[in-house]
Amino acid sequence: MQSMKREPVELFAAILSADGSVFELLDAPAVWVDGRLAELYGIPGVTGDVFRRVVLADRRRGGVLGMAAVLAATSAPNRTSPVVRGAWVLQTLLGQKLPEPPPDAGALPPDAGTKPGVTLREELQRHRREQRCAVCHDKIDPIGFGLENFDAIGRWRTEENGKPIDASGRLPDGTTFDGPAGLKDYLLASGRAAFVRTLTRRLLAYAVGRKLQYFDTPVVDEITSRVLQDGGRARRLFEEIVLSRPFLWQEADEPSGTHTAAPGAD
Numbered sequence: 005m006q007s008m009k010r011e012p013v014e015l016f017a018a019i020l021s022a023d024g025s026v027f028e029l030l031d032a033p034a035v036w037v038d039g040r041l042a043e044l045y046g047i048p049g050v051t052g053d054v055f056r057r058v059v060l061a062d063r064r065r066g067g068v069l070g071m072a073a074v075l076a077a078t079s080a081p082n083r084t085s086p087v088v089r090g091a092w093v094l095q096t097l098l099g100q101k102l103p104e105p106p107p108d109a110g111a112l113p114p115d116a117g118t119k120p121g122v123t124l125r126e127e128l129q130r131h132r133r134e135q136r137c138a139v140c141h142d143k144i145d146p147i148g149f150g151l152e153n154f155d156a157i158g159r160w161r162t163e164e165n166g167k168p169i170d171a172s173g174r175l176p177d178g179t180t181f182d183g184p185a186g187l188k189d190y191l192l193a194s195g196r197a198a199f200v201r202t203l204t205r206r207l208l209a210y211a212v213g214r215k216l217q218y219f220d221t222p223v224v225d226e227i228t229s230r231v232l233q234d235g236g237r238a239r240r241l242f243e244e245i246v247l248s249r250p251f252l253w254q255e256a257d258e259p260s261g262t263h264t265a266a267p268g269a270d
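Just so you know, my numbering puts 101 at position 97 of the sequence shown, and the rest follows in order with no gaps.
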């Protein structure tokens, strides 16, 4: 567990140290692992507790989408959860607001994902046939399906319950992708601005010690634009934050009722 928690910290520190791009959080050419994680990931030649950089032979693992910490946290105890994983990507990485499921939304049976000859994807697709569920699931589930090659603790797999994994996804706008690499390509092509904006909001809120308010929006927009123009350079993002007016003129949260947060401000 401690190894899982440390991996994202190692990646972020390496990006800052090398003056790299924040987009390496989505798709990095290497992983930082110790012996435990290397064994979990199927990477040979790494032993002990010291974290080291290992260049990858393919794109299935690099970045947060291939990290055991993320994959385990977005899984059920005994199986994956494409719904939770898809929602995590949309909310945490792209800053999208998703509605709460309706009170009468059906739930998967307790043995979902464990039946011989039936994949979890097939069970979810039956669930999505209900119109009240399809509106959100058509957007969320394809993202999660792109990560189905990772099991509930982040190990790579090609089969589930004796059947080949289908890690393809098709979004409501017709966009298609296949597997983690295809999902990364989609995010890097269509989600760059949303990702930088979301990261900016989170780091700025942390830096000023409060929730962002509607009056912070122009600053977020300006920082996002400048960082994108600079290729997503991580140090540029930090420089812009510490030079921003909210950081230089920090104030505690206003008393309740003084300011009203705009939708999506927190």
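Every residue gets a Cβ at the ideal spot worked out from N, C-alpha and C, and that includes glycine.
What number of angstroms, rounded off, separates the C-alpha of residue i from the C-alpha of residue j?
{"i": "residue 9", "j": "residue 221", "result": "31 Å"}
{"i": "residue 190", "j": "residue 199", "result": "12 Å"}
{"i": "residue 196", "j": "residue 213", "result": "26 Å"}
{"i": "residue 138", "j": "residue 130", "result": "10 Å"}
{"i": "residue 182", "j": "residue 150", "result": "6 Å"}
{"i": "residue 262", "j": "residue 217", "result": "Residue placement at residue 262 cannot be trusted, given a pLDDT of 41 that sits under 50; what the coordinates show is reported in the next sentence. For residue 262 and residue 217, the distance between alpha carbons rounds to 11 Å."}
{"i": "residue 177", "j": "residue 206", "result": "28 Å"}
{"i": "residue 54", "j": "residue 248", "result": "37 Å"}
{"i": "residue 94", "j": "residue 100", "result": "5 Å"}
{"i": "residue 7", "j": "residue 57", "result": "14 Å"}
{"i": "residue 226", "j": "residue 103", "result": "28 Å"}
{"i": "residue 269", "j": "residue 209", "result": "With a pLDDT of 47 at residue 269, under the threshold of 50, the modelled position of this residue cannot be trusted, and the question is left open."}
{"i": "residue 186", "j": "residue 246", "result": "35 Å"}
{"i": "residue 169", "j": "residue 252", "result": "51 Å"}
{"i": "residue 97", "j": "residue 38", "result": "26 Å"}
{"i": "residue 160", "j": "residue 223", "result": "41 Å"}
{"i": "residue 19", "j": "residue 13", "result": "10 Å"}
{"i": "residue 49", "j": "residue 59", "result": "12 Å"}
{"i": "residue 15", "j": "residue 21", "result": "10 Å"}
{"i": "residue 52", "j": "residue 43", "result": "11 Å"}
{"i": "residue 31", "j": "residue 188", "result": "7 Å"}
{"i": "residue 244", "j": "residue 250", "result": "11 Å"}
{"i": "residue 81", "j": "residue 75", "result": "12 Å"}
{"i": "residue 194", "j": "residue 241", "result": "20 Å"}
{"i": "residue 23", "j": "residue 172", "result": "34 Å"}
{"i": "residue 154", "j": "residue 219", "result": "41 Å"}
{"i": "residue 156", "j": "residue 126", "result": "17 Å"}
{"i": "residue 264", "j": "residue 140", "result": "At residue 264 the pLDDT is 39, less than 50, meaning the model places this residue with poor confidence; the figure from the coordinates comes in the next sentence. Roughly 28 Å separates the two Cα atoms."}
{"i": "residue 5", "j": "residue 152", "result": "21 Å"}
{"i": "residue 91", "j": "residue 175", "result": "13 Å"}
Going by the DSSP bridge assignment, what does residue i pair with across the sheet?
{"i": "residue 34", "result": "59"}
{"i": "residue 173", "result": "181"}
{"i": "residue 168", "result": "163"}
Give the C-beta separation of residue i and residue j to the nearest angstrom, bearing in mind that I take them to be a contact with Cβ-Cβ under 8 Å.
{"i": "residue 83", "j": "residue 124", "result": "6 Å"}
{"i": "residue 35", "j": "residue 203", "result": "Wrong, their Cβ atoms sit about 20 Å apart, outside the cutoff."}
{"i": "residue 29", "j": "residue 67", "result": "6 Å"}
Note the first and the last residue of the continuous alpha helix (DSSP H) segment covering residue i.
{"i": "residue 251", "result": "249-252"}
{"i": "residue 277", "result": "Nothing about residue 277 can be read from this structure; the chain reaches only from 5 to 270."}
{"i": "residue 225", "result": "221-233"}
{"i": "residue 154", "result": "Element bounds for residue 154: n/a, residue is neither H nor E."}
{"i": "residue 43", "result": "39-45"}
{"i": "residue 210", "result": "196-212"}
{"i": "residue 243", "result": "238-246"}
{"i": "residue 11", "result": "6-21"}
{"i": "residue 74", "result": "72-77"}
Item to complete: Determine contact between the segment 60-76 and the segment 223-243, defined as no fewer than three beta-carbon pairs at a distance below 8 Å.
Response: Using a C-beta cut-off of 8 Å, the segment 60-76 makes no contact with the segment 223-243, since fewer than three inter-stretch Cβ pairs fall below that distance.
Worksheet item: Does the count of Cβ pairs from the segment 85-95 and the segment 139-151 closer than 8 Å reach three?
Response: Taking a contact to require three or more Cβ pairs closer than 8 Å, the segment 85-95 and the segment 139-151 qualify as touching.
Fill in: the segment 236-245 touching the segment 45-63, judged by at least three CB pairs closer than 8 Å
They do not touch, by the three-pair rule.
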